[in-house]
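With my numbering, letter number 24 in the sequence shown gets 1341, and the count goes up by one each step, no holes.
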Amino acid sequence: MQARAVLASAIAVVLALAGCAQPDGTLAPVGAPQPVESTMPPTPKSTPSPRPTRTKPPKPTLRPLPAKLPAGLRRSTGVRPVALTFDDGPSPAWTPKVLNQLRAARVTATFCLVGHEVQRHPELVRRIVREGHQLCNHSWRHDLDLARRPVAEIRADLARTNKAIQAAAPGAAVPFYRQPGGRWTPEVLEVAKDLGMRPLHWNVDPQDWDKPTAATIAKRVHSGARPGAVVLLHDGGGNRAATLAACPHVIADLKRRFGITRLR
């Protein structure tokens, strides 16, 4: 019996050394299939798909400005008296004061209105009309590049501004359009014409938008004015204290030399 026990122990040692032991240390039966290491690649971990990036559509190419101003712009009254025009309003800070000066001098002017400001201050548009002044469309937001944009954008902008003016002063005529910055193209002229407006330019520009002194504004208007001139001034778009201070001198000088008329 002792010899058999020794023989069994020896066999167990030989089997263990031959790799027949189970992972838990027990002996696998003789002839049992041996575990085989898996050759399958590990399942990759799923990674979230990247979110698509939003790209803005490319901006339309702007047309180049013509080398010179297009034909057909209104740049004269057609008579000896001159015309006063005021751009970029209506402004609650400056338009009423300009209107007060015009009323005191008993002259009329043309107000080139920005649609966004018309929408904000319709009561000023009604006063302009009530006191006998002329109206002019000056685009919705004073976009200097408007005339270079697609024709559909130009038309929508001008029509929107006219609609705001009509909402503020029902039945008021808007016979003129003035392109911001005087940056005209044939396309904006055609759209204005289709909407029943004549293109209004100027031939006297004292550059009051650059905030020179009142004396400089008055001097520039005096030097540049000729019979039939269209004078460009501003009642909106910034601080117009110098323009307001210059207006009494400008109006008196132009009335004495040429007379002041309402555009027709």
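We put the CB at the ideal spot given by N, CA and C, even for glycine.
None of the values given here were measured: they were computed from a predicted structure.
8 Å Cβ cutoff met for residue i and residue j
i     : j     : result
H1551 : D1525 : yes
A1486 : V1442 : yes
S1553 : S1408 : Checking the sequence, you will find Gly at residue 1553 rather than Ser. It is a contact, given that the beta carbons lie within the stated cut-off.
R1500 : D1404 : no
L1583 : V1505 : Because the chain in this structure spans residues 1318 to 1581, residue 1583 falls outside the shown range and cannot be described.
G1541 : T1394 : no
R1466 : L1382 : no
V1491 : V1521 : no
Q1436 : A1481 : yes
N1556 : K1528 : yes
L1461 : P1516 : no
R1380 : T1533 : no
R1420 : E1448 : yes
G1406 : E1434 : yes
Opening and closing residue of the alpha helix (DSSP H) in which residue i lies
i     : result
V1424 : Note, V1424: premise wrong, no alpha helix (DSSP H); not H, not E.
V1491 : V1491 -> no alpha helix (DSSP H), and no H or E assigned at all.
L1475 : V1468 to A1485
H1433 : G1432 to R1437
D1511 : P1503 to D1511
Length of the line joining the Cα atoms of residue i and residue j
i     : j     : result
T1578 : A1426 : 8 Å
R1391 : K1373 : 40 Å
A1559 : L1475 : 30 Å
T1412 : R1368 : 52 Å
A1616 : V1508 : For the chain, the structure presents residues 1318 to 1581; residue 1616 sits outside this window and is missing.
R1477 : R1537 : 35 Å
G1513 : T1530 : 37 Å
H1518 : A1535 : 20 Å
D1570 : L1580 : 19 Å
R1458 : I1471 : 12 Å
P1350 : R1371 : Interpretation of P1350 is limited by its pLDDT of 49, a score under 50 that renders its predicted location unreliable; no figure is taken from the coordinates.
P1439 : K1572 : 30 Å
C1429 : R1574 : 25 Å
A1563 : G1576 : 17 Å
V1396 : H1450 : 18 Å
T1402 : P1375 : 38 Å
G1432 : H1539 : 31 Å
Q1418 : L1561 : 9 Å
P1377 : P1387 : 23 Å
N1479 : F1493 : 11 Å
R1543 : P1398 : 9 Å
A1410 : L1416 : 12 Å
I1445 : K1414 : 12 Å
N1454 : A1469 : 17 Å
I1568 : K1385 : 31 Å
A1484 : P1523 : 33 Å
First through last residue of the beta strand (DSSP E) which encompasses residue i
i     : result
T1402 : A1400 to G1406
L1452 : Q1451 to N1454
The ligand SAH heavy atom lying under 7 Å from the CB of residue i
i     : result
I1577 : Among the ligands in the structure shown, none appear at all, so the ligand SAH cannot be discussed.
Secondary structure, alpha helix (DSSP H): runs of 4+ residues fully inside the region 1514–1567:
If we require 4 residues or more, the alpha helix (DSSP H) runs fully inside the region 1514–1567 come out as 1531–1541.
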